[in-house]
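Take the sequence shown: its letter number 145 is residue 159 in this note's numbering, and every next letter is one higher.
Heads up, the beta-carbon is just placed ideally off N, CA and C, and yes, glycines get one too.
Here the structure comes first, spelled out in structure tokens, and everything after it is commentary.
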Amino acid sequence: MAQSTTYKELLDAGAHFGHLTRKWDPKMAPYIFMEKNGIHIIDLNKTLASLDYAASAIRNIAKSGRKIMFVATKKQAQEIVQTEAVRLKMPYVTDRWLGGMLTNFATIRKSLKKMSSIDKMVKENTAFAALAKREKLMMNREREKL
């Protein structure tokens, strides 16, 4: 069984520091403890309760054998999230999160197929070698954009 996070651990990790008060979302008001020096201080008691709830939900999903997608776009968490996701054989995103990755996956899938077909063409070097220099350049630019 996994260990539970303590109030002190959250405090030591700086989890109580929120965004600047001018950048806040009013929907977060129930989770804000106070404002200090232009920064919102997050209520760690509510954070602990939410962490326990999330851990329970994740545990149930894992027990049922379903997939869990790990997302870590911050530099500090990328390496450990990638390592653990690979170890658990689960999908993960540690680079840039593309808008619509979940809600508009059909379009994302088209872009991925297009990118893989360009990669395949370059790797096989048959049709790619027959292209004009400008066409190669345009195809490489399109691949970089994808």
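| Asked | Found |
| --- | --- |
| Range covered by the alpha helix (DSSP H) that runs through residue 62 | 58–77 |
| Per DSSP, cross-strand counterpart(s) of residue 49 | 54 |
| Whole-angstrom C-beta distance between residue 81 and residue 104, which should lie under 8 Å | 6 Å |
| Distance between residue 125 and residue 106 (C-alpha atoms, nearest Å) | 18 Å |
| Identified DSSP bridge partners for residue 34 | 53 |
| Cβ-based neighbour list, residue 86, same chain, cut-off 6 Å, excluding 5 preceding and 5 following | 92, 95 and 108 |
| Nearest neighbour of residue 155, chosen from 29, 83 and 129 [CA to CA] | 129 |
| Touching by the beta-carbon criterion (3+ pairs, under 8 Å), the stretch 56–65 and the stretch 15–30 | yes |
| Reference residue 79; option with closest CA among 62, 64, 98 and 102 | 102 |
| Cβ-based neighbour list, residue 122, same chain, cut-off 8 Å, excluding 5 preceding and 5 following | 112, 114 and 115 |
| Residue 80 CB to nearest heavy atom of the ligand GTP below 8 Å | Judged by which ligands are present, the structure shown has none, so any question about the ligand GTP falls away. |
| Own chain residues within Cβ distance below 7 Å of residue 160, not counting five before or after | 125, 128 and 129 |
| Opening and closing residue of the alpha helix (DSSP H) in which residue 132 lies | 119–138 |
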